[in-house]
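Residue numbers (this note's numbering): 70 to 721.
Glycine included, each C-beta is placed from N, C-alpha and C at the ideal position.
Computed from a prediction, not measured in an experiment: that's the story for all the values here.
Everything on this sheet refers to the single structure shown next.
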Amino acid sequence: MKLHSAFSEQVKACGRLRRVWLTSFNIDIEFIETYVLPTVLGAETPRTRMEYEALQLALTEQQIDLRVFCDRRFIGADQNKRTALQVHGVCTAQKTEWSYPGVGEDSLLHAKVIYLEGEQGRVLGAGSANLTLSGWARNQEVFHFQPINALSLYQSVKAFFQALFTNVGVPCPLENRRSSSFASAESPVRFCHSFQRQPFLVQLLGERACHHLAVWSPYLPKDLALFVSHLRSSYEQTRMKVSLVPDRLDGQFLRTGWTEALGDLLANDELRLRHNPTTVDERTPMTHAKLWKTSTHLAIGSWNFTRAGSNSLLDSRGKRLPGNNIEAGFILPNNSAVESVLGATMDTSPALFLSDEALQAQALKIPQNLPFDIVVEFDWAEQVYQLRGQWHIGQEPDQGYRIKLPDIDAAFALDWKPRSHELKACRVPVAHVHALLFDHSFQVLKDGRECFVGMLLETTPEFRRAQRYDDLVGLVDAMAQIDIVPNQDDVGFRVRESATGEPQVDGLSADLGAVASEQDGSDSAHISYFRLFTASYQFAARLRGVERLSVLEHWVFVRPGCLQEWVDKTRQRLRGSTPNVFDWFLVQEVNALCKLALALRQRLPKDDSRIALSRWRTLKVDMPPLPAETNDDFRQMLEQELGGLESKWGGT
Numbered sequence: 070m071k072l073h074s075a076f077s078e079q080v081k082a083c084g085r086l087r088r089v090w091l092t093s094f095n096i097d098i099e100f101i102e103t104y105v106l107p108t109v110l111g112a113e114t115p116r117t118r119m120e121y122e123a124l125q126l127a128l129t130e131q132q133i134d135l136r137v138f139c140d141r142r143f144i145g146a147d148q149n150k151r152t153a154l155q156v157h158g159v160c161t162a163q164k165t166e167w168s169y170p171g172v173g174e175d176s177l178l179h180a181k182v183i184y185l186e187g188e189q190g191r192v193l194g195a196g197s198a199n200l201t202l203s204g205w206a207r208n209q210e211v212f213h214f215q216p217i218n219a220l221s222l223y224q225s226v227k228a229f230f231q232a233l234f235t236n237v238g239v240p241c242p243l244e245n246r247r248s249s250s251f252a253s254a255e256s257p258v259r260f261c262h263s264f265q266r267q268p269f270l271v272q273l274l275g276e277r278a279c280h281h282l283a284v285w286s287p288y289l290p291k292d293l294a295l296f297v298s299h300l301r302s303s304y305e306q307t308r309m310k311v312s313l314v315p316d317r318l319d320g321q322f323l324r325t326g327w328t329e330a331l332g333d334l335l336a337n338d339e340l341r342l343r344h345n346p347t348t349v350d351e352r353t354p355m356t357h358a359k360l361w362k363t364s365t366h367l368a369i370g371s372w373n374f375t376r377a378g379s380n381s382l383l384d385s386r387g388k389r390l391p392g393n394n395i396e397a398g399f400i401l402p403n404n405s406a407v408e409s410v411l412g413a414t415m416d417t418s419p420a421l422f423l424s425d426e427a428l429q430a431q432a433l434k435i436p437q438n439l440p441f442d443i444v445v446e447f448d449w450a451e452q453v454y455q456l457r458g459q460w461h462i463g464q465e466p467d468q469g470y471r472i473k474l475p476d477i478d479a480a481f482a483l484d485w486k487p488r489s490h491e492l493k494a495c496r497v498p499v500a501h502v503h504a505l506l507f508d509h510s511f512q513v514l515k516d517g518r519e520c521f522v523g524m525l526l527e528t529t530p531e532f533r534r535a536q537r538y539d540d541l542v543g544l545v546d547a548m549a550q551i552d553i554v555p556n557q558d559d560v561g562f563r564v565r566e567s568a569t570g571e572p573q574v575d576g577l578s579a580d581l582g583a584v585a586s587e588q589d590g591s592d593s594a595h596i597s598y599f600r601l602f603t604a605s606y607q608f609a610a611r612l613r614g615v616e617r618l619s620v621l622e623h624w625v626f627v628r629p630g631c632l633q634e635w636v637d638k639t640r641q642r643l644r645g646s647t648p649n650v651f652d653w654f655l656v657q658e659v660n661a662l663c664k665l666a667l668a669l670r671q672r673l674p675k676d677d678s679r680i681a682l683s684r685w686r687t688l689k690v691d692m693p694p695l696p697a698e699t700n701d702d703f704r705q706m707l708e709q710e711l712g713g714l715e716s717k718w719g720g721t
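Laid out in structure tokens, this is it:
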């Protein structure tokens with residue numbers, strides 16, 4: 070994978086990474102998580118579910134802002150997503166606070182851009198390759214990486230990503246920079262994109278006469294002759310000849326139809342169809358590269374030789390009409406001969422071109438778009454869903470839509486404000502997170518039918534409890550170590566795969582909605598009273614040694630063996646078990662730790678608090694009954710013994 074190798078080199082050149090942003094028309098989430106993510110983290114290629122969980126943990130610990138933008142209609146939310154990687158679905162329909170010339174509901178987010186920022190600098194990549202295995206490994210593609218060493222280049226990048234961040238309702242974190250931050254103010258290399266005032270071909274051709282334009286493009290307009298004539302007249306290039314290097318469907322056919330006007334252009338040498346000048350491996354399914362060459366410049370990007378793809382959907386005054394795609398790429402100075410990117414001339418005949426029926430069969434099938442934007446975020450710190458939504462311009466809210474979220478039993482209605490057309494404030498708390506650990510999608514329903522599947526955004530992933538001990542015995546043994554903080558590297562992950570590849574959470578199959586199940590209570594005999602009391606004493610000591618609330622939250626809710634895990638495992642242990650003295654002591658110890666943690670929370674400064682008080686108040690286990698044969702004297706003795714134990718480690 071040449072592009073993957075080049076990407077890896079750029080990642081290394083940037084040093085410790087802060088930001089990795091990628092855009093694509095469509096995505097293969099398995100490819101991103103299997104190849105791109107480990108490259109960003111400097112890790113090995115994952116093979117098991119637990120290794121993907123380890124990657125997510127590393128991404129959180131390294132605090133890299135890694136996110137993907139793609140066209141919302143082609144996000145493929147039903148794919149098997151194994152991490153909490155942020156994937157934003159961009160909706161191109163015009164909205165109240167998002168409107169750009171030429172961009173509308175029928176536009177596609179088609180740009181393929183990579184932005185890397187690290188301690189050693191910034192790098193921008195752009196080209197023709199989507200974030201798929203085909204794009205990075207199988208097709209013939211073209212891609213270019215450029216150091217961002219000039220203010221002008223940085224400003225172009227910032228404008229591009231500001232538009233995307235605004236579209237998905239997230240503030241763009243790129244800072245304002247001065248020219249002193251870069252080697253120069255201007256760059257001979259231009260980053261051209263559809264959010265700029267000047268469209269692509271105006272920037273490429275300028276006011277210079279272009280006598281020969283060479284283009285590589287796999288996709289072509291239905292009426293090729295009409296489009297060539299349109300380019301000449303719209304950009305005042307009446308003498309321009311066009312040489313086209315197209316991909317051929319099944320190695321034979323051009324993706325356009327035959328017309329008499331096309332025959333005339335070919336006969337008059339105004340349009341030339343040329344072979345690929347490079348030797349292409351016979352296993353390569355497609356030449357997907359997009360390249361535009363004049364006598365002075367070379368453009369590498371996502372621009373197809375179509376009206377929407379070249380941002381050439383124009384009105385009679387030359388203004389862009391809605392329906393132009395969102396494209397991006399580089400325009401580089403290049404004085405090499407135009408012929409250098411062209412192969413031999415093709416023998417052309419009507420038989421090389423597709424019929425109207427074949428063109429219709431090959432046309433891109435664009436899924437139906439929702440008439441509104443919807444963003445679903447899950448905050449791991451608060452364990453709550455937050456929903457945002459806005460109807461598109463010209464659409465009236467329909468109250469008949471419902472939404473289904475992981476770990477929420479039933480779908481519920483989306484409630485819209487009648488005037489602003491915004492979604493009413495909607496926060497949905499989750500008592501027990503289970504499905505969300507492996508299911509990262511939501512469904513929108515209309516009339517009981519699924520009409521859209523989207524990807525969730527997961528925020529504050531540092532509070533995502535990914536690891537756990539296999540059983541209560543392992544937890545107690547780890548926490549009983551004196552003056553030694555248990556090593557998290559040796560602890561397993563909550564999400565695993567069965568022998569058949571089925572996701573399992575805490576030992577339960579993915580289709581079970583129950584709370585985590587680590588134990589059935591059969592291991593109680595393996596925990597001695599001494600071990601239990603030692604573990605609770607040591608855990609209490611660790612809590613008392615905490616000086617910041619953020620650290621306390623980590624010990625209570627996040628790390629393996631946290632207090633939340635104590636509570637969950639104890640509750641699970643009590644299910645279906647017969648009353649016994651050990652369990653009574655266990656619950657007393659766990660509840661005492663919960664009481665201590667809450668008291669410490671009240672004492673510590675709240676400056677860095679992230680977890681709501683309501684979550685703290687759920688940390689309690691209902692007291693189990695003692696065995697029926699226990700008499701009052703024995704009960705009184707147990708309570709006295711427990712009081713003595715609490716006094717030794719301080720209780721609360």
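With H, G and I counted as helix, E and B as strand and the rest as coil, what does DSSP make of residue i?
| i | result |
| --- | --- |
| Ser381 | coil |
| Cys160 | coil |
| Tyr104 | helix |
| Val584 | Confidence in Val584 is poor, its pLDDT being 39 and thus under 50, which makes the residue's placement too unreliable to answer from. |
| Val690 | coil |
| Phe602 | helix |
| Gly543 | helix |
| Lys675 | coil |
| Ala98 | First, the amino acid is wrong: residue 98 is Ile here, not Ala. It is helical. |
| Phe374 | coil |
| Ser591 | For Ser591, the pLDDT reaches just 46, beneath the cut-off of 50, and the residue's location in the model is therefore unreliable, although a value from the coordinates is still provided. Coil. |
| Asp442 | strand |
| Cys139 | strand |
| Pro436 | coil |
| Glu519 | strand |
Just how far apart, CA to CA, sit residue i and residue j?
| i | j | result |
| --- | --- | --- |
| Gly458 | Cys261 | 30 Å |
| Phe229 | Arg246 | 15 Å |
| Asp467 | Ala450 | 33 Å |
| Arg386 | Arg376 | 16 Å |
| Ala195 | Ile551 | 54 Å |
| Asp575 | Glu120 | 16 Å |
| Gln437 | Glu519 | 12 Å |
| Glu78 | Leu185 | 12 Å |
| Val137 | Ala162 | 19 Å |
| Ser409 | Glu122 | 48 Å |
| Lys689 | Cys631 | 14 Å |
| Tyr304 | Glu396 | 19 Å |
| Ile217 | Thr347 | 30 Å |
| Asn199 | Ala482 | 35 Å |
If you check the beta carbons only, do residue i and residue j fall under 8 Å apart?
| i | j | result |
| --- | --- | --- |
| Gly370 | Gly392 | no |
| Lys359 | Asn373 | yes |
| Leu177 | Asn380 | no |
| Pro475 | Thr129 | no |
| Asn95 | Asp140 | yes |
| Arg85 | Glu188 | yes |
| Phe251 | Leu220 | yes |
| Asn403 | His366 | yes |
| Pro315 | Leu289 | yes |
| Ile400 | Arg191 | no |
| Gly171 | Leu382 | yes |
| Thr152 | Leu106 | yes |
| Val109 | Met524 | no |
| Lys150 | His501 | no |
Can you tell me which residues form a DSSP beta bridge with residue i?
| i | result |
| --- | --- |
| Met524 | Ser510 |
| Asp448 | Val453, Thr528 |
| Glu491 | Gln459 |
| Asp134 | Arg88 |
| Phe399 | Phe260, Ile369 |
| Trp167 | Lys164 |
| Lys310 | His281 |
| Tyr728 | No statement about residue 728 is possible, as the shown extent of the chain runs from 70 to 721 and does not include it. |
Looking at residue i and the ligand ATP, is the gap between the Cβ and the nearest heavy atom below 7 Å?
| i | result |
| --- | --- |
| Cys83 | The ligand ATP is absent from the structure shown, which contains no ligand whatsoever. |
Can you list, in chain order, the stretches of the alpha helix (DSSP H) that have 4 or more residues and sit fully within the region 210–295?
-> 220–236, 269–274
Mind listing, in chain order, the continuous alpha helix (DSSP H) runs of no fewer than 4 residues lying wholly within the region 341–366?
-> Counting only unbroken stretches of 4 or more residues, no alpha helix (DSSP H) element lies wholly within the region 341–366.
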